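At position 302 of the sequence shown the residue is numbered 301 (numbering that gives the first Met the number 0), and the sequence of numbers has no breaks. Presented below is the structure to which this report refers.
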Amino acid sequence: MYTKAQQQQFFELSKNFLKSEATALDYESLKNALIFHEWKYYVESQPLLSDFEYDQLYKQLETLEAANPKMMAPDSPTQRVSSDLTADFKSVDHLIPMLSLANSYNAEDLEDFDRQIRKLTLTEGDITYTVEPKYDGGSIALIYENDMLVRAATRGNGAQGDDITPNARAISAIPLKANFSKYGIYKVELRGEAIIEKNNFGKINDKREQQGLQLFANPRNAATGGLRTKDSSETRNRGLEAFIFQMGYAVDADGNDMFSQFSGHFEIINMLGDLGFKIPKAEKKKCSNIQEASEFCAYWQEQRDTYPYEIDGMVVKVDDLALQAKCGSTQHHPRWAIAYKFKAKQATTTLEDIEYQIGKIGSITPVAKLKPVQLAGVTVSSVSLHNEEFISGKDLRIGDTILVERAGDVIPYIVKSFPELRSGSEQEVVFPTACPSCNSTLIKQEGEAAWRCVNPSCTAQILQKLIFHVSKDAMNIDGFGKSYVERFYELGWIKDLSDIYNLDYDAIAQLDGFGAKSAKKVKDAIEHSKQNPIYRLLHSLSIHHLGKKASKIIAEHINHVLDLRQWSAEQLTGIKDIGPVVAENVVAYFAEDYNIEQLEKLESYGVNLSQTEADQPVQVADDAPLLGKTILFTGTLEQMSRKEAQALAVTAGAKNISAVSGNLNILVAGAKAGSKLKKAQAIGTVEIMTEAEFLELVS
Ligand SMILES: [Zn+2]
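Now the structure itself:
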């Protein structure tokens, strides 16, 4: 389109206009420079100017045109968006019908297609094919006459479409003027697809959400809607682009066919690229036989998610124009082209039942059980329905025919139901009022979407809590997954969190499918997890609303997990980024005796509950006075804070623990020491010392 020298020239020119404004004499150069930058930005996606600089030049052009209206060029970038709203779309005839394509789904289908082509064209050897993406947007047909864009239409019914010329002009990737005269072409019809980049689509929906507008379901809807909007500035705002991939009609001023100067389809598309149109590049290939074409299709089926635009397949076209003519067309589709459809991302199936799953904090999640269906290469048989509102919002009934979608790596979801297909036997969904596991009444807290079972001894919840506790996100006990938890739970070996750290590994080794080796593996993983930093433990407790991030923040403010018993909600909200909901739930958790007992048990089994050890490793000398000892401070210390004392103990090689048990080696009793001192005395094996004695020992 532009030579390197031309590009440099336009760039210099633009920089000059930015320094000293263009005059009326510069109008043509300024206009052409802006057309060049539109091409760099919208067709090549390689802008040379910042948005700000481009706007400066654009304003200069507007000013010149306002002062000299006679000068106005029809292909001026200022003429893309008209201020008038489009009236109803006029129906217009296509120069030649826009046919649809026959479909293929695999290599065998393509080989059948190739055999058919060779039969039709009486060809013995290989056929050359051009393969290009099948864009998932809105089809358009553009007519240029005497190098100017004169009409744009939607596909419509194939014979007639809607005249959307003002909106097409607003798409900067469509040149208002293109040098077809260079090829002796006077009138030409091009086919393409208006499309929105996937990235851009997300931004459009974000903006609509802020404005309270309905969100688009997918980029295609946003693109087709943008083509048919009555306000062409809206087409522009949506950032519509247009790929051109077919020349359907081309004649000279006398009406003579102008195709014969081109060898094939591939050459024509590159010619269009050279004239400034946006065309498929590396994603288009000229293949010397059907096997190569088939491989290229398969490659893009794998790569489709990495491509910036939605594509739902590839199109395989006979490249040679003479062979195309020999093949001809049926009433519905050309015989020389075929679509290679990627595995479907959407499918219809039946909603057979709804199950209710109980989460670790008792939330009830409805899960749709579907008649199994193939979706983008995966069998889908169950899909989350999120909550009660989702079900009523989509008007889902058991027995309904529904549309399921799976895009990229996204979890499948239900797009909609088809009420028009109901037979009358479908059942309305009655959301349960009692927990499916423990039968206690469900409650819904203000501002929350989910119904919850709040019974702390609900077995389904306990099991989910255990599964979460060992998971990667929480204590990350390697190799100790859901199935182990379920099995040990059923055996009655783990009833609560602390049981996980008190397993009988000999018994595990005797289990079916285990053995000494795997029992050892489980043991090693559990032992390893005991040294986790305390934020992991905090997170693993399934405290409602306490996520990983908040756990980390809180952990930074405490020395020991059980210190949280002393924290009030006000103190917690005093920490940056800790909100009142998290604070209240943390306080409520640490107010429960049962939870405290659990944590003390965990500590007695060796699970780390203190900050200093795991997060701020201290260099301890081999001859440290308290090496390997466990220590606990109780009562009021005179010469230092408890925090300082604990830090000193760590430096001396000791480990701070919070409960008095047989595992405790030293109890430092300050003034007014109470129950802990008594308990330690009762145990008998605990060494009890004063603050002064402790200081002397570690100094
Ligand atoms: Zn329950």
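Ideal placement from N, C-alpha and C gives every residue a C-beta, glycine not left out. If you're wondering where the values come from, they're calculated on a predicted model, not measured in any experiment.
Cβ-Cβ separation, residue j to residue i (assumed contact under 8 Å), whole Å
i	j	result
A158	H93	6 Å
N662	T629	6 Å
A668	T650	Contact flag wrong, Cβ pair sits at about 21 Å.
S705	E599	This structure cannot speak to residue 705, because the chain is shown only from 0 to 698.
L100	V314	7 Å
I577	A554	The Cβ separation is near 12 Å, so there is no contact.
I289	D113	4 Å
K519	N607	In fact, because the Cβ distance is near 22 Å, the residues do not count as touching under 8 Å.
A644	L636	6 Å
I184	A221	With a Cβ gap of about 33 Å, I184 and A221 do not count as contacting.
I142	R150	4 Å
Q55	L17	6 Å
For residue i, three-class secondary structure by DSSP
i	result
G272	helix
Y143	strand
H332	coil
D253	coil
I170	coil
I195	coil
V697	helix
F35	helix
Q8	helix
C326	helix
E131	strand
V382	strand
A367	strand
D408	With a pLDDT of 45 at D408, under the threshold of 50, the modelled position of that residue is not reliable, and the figure given next carries that caveat. Residue state, collapsed to three classes: coil.
Y26	helix
Y534	helix
K600	helix
S362	strand
I413	strand
N156	coil
E20	coil
From the options, residue whose alpha carbon lies closest to that of residue i
i	options	result
E294	N15, L109, F51 and A515	L109
E354	Q330, S380 and A338	S380
E425	E404, R451 and L395	L395
R235	Q444, E489, Q59 and I173	I173
V685	A691, L676 and A106	L676
D399	E388, G392, D74 and G423	G423
K359	A241, S539, E447 and F215	S539
S328	E196, S456 and I116	I116
N166	V80, V521, A433 and M246	V80
K654	E196, F632, K671 and Q7	F632
I682	E692, A672, L666 and L696	L666
I476	A506, A524, A106 and K516	A524
K464	Q444, I493 and G446	I493
A448	G361, N199, Y53 and T348	G361
L384	R154, K368, P431 and V372	K368
V428	S391, C457 and K547	S391
I337	D352, Q345, A292 and V377	A292
Proximity below 8 Å, CB of residue i to CB of residue j
i	j	result
I442	V453	yes
D146	K176	yes
R219	F88	no
D304	F341	no
Q610	N531	no
F739	E404	Residue 739 is absent from the model: the chain starts at 0 and stops at 698.
Q213	I357	no
C326	L119	yes
S13	A32	yes
G275	M0	yes
H544	V580	yes
S103	Y339	yes
M97	R154	yes
A21	Q78	no
I401	L350	yes
Beta-bridge pairing of residue i - partner residues as DSSP gives them
i	result
S103	Y339
V667	F632 and M688
F430	Paired residue(s): none; F430 is not in a bridge.
T2	None; T2 has no bridge partner.
R706	One cannot answer for residue 706 here, as it falls past the ends of the chain, which runs 0 to 698.
E240	I194
D161	S90
Y248	E188
M313	P132 and Y339
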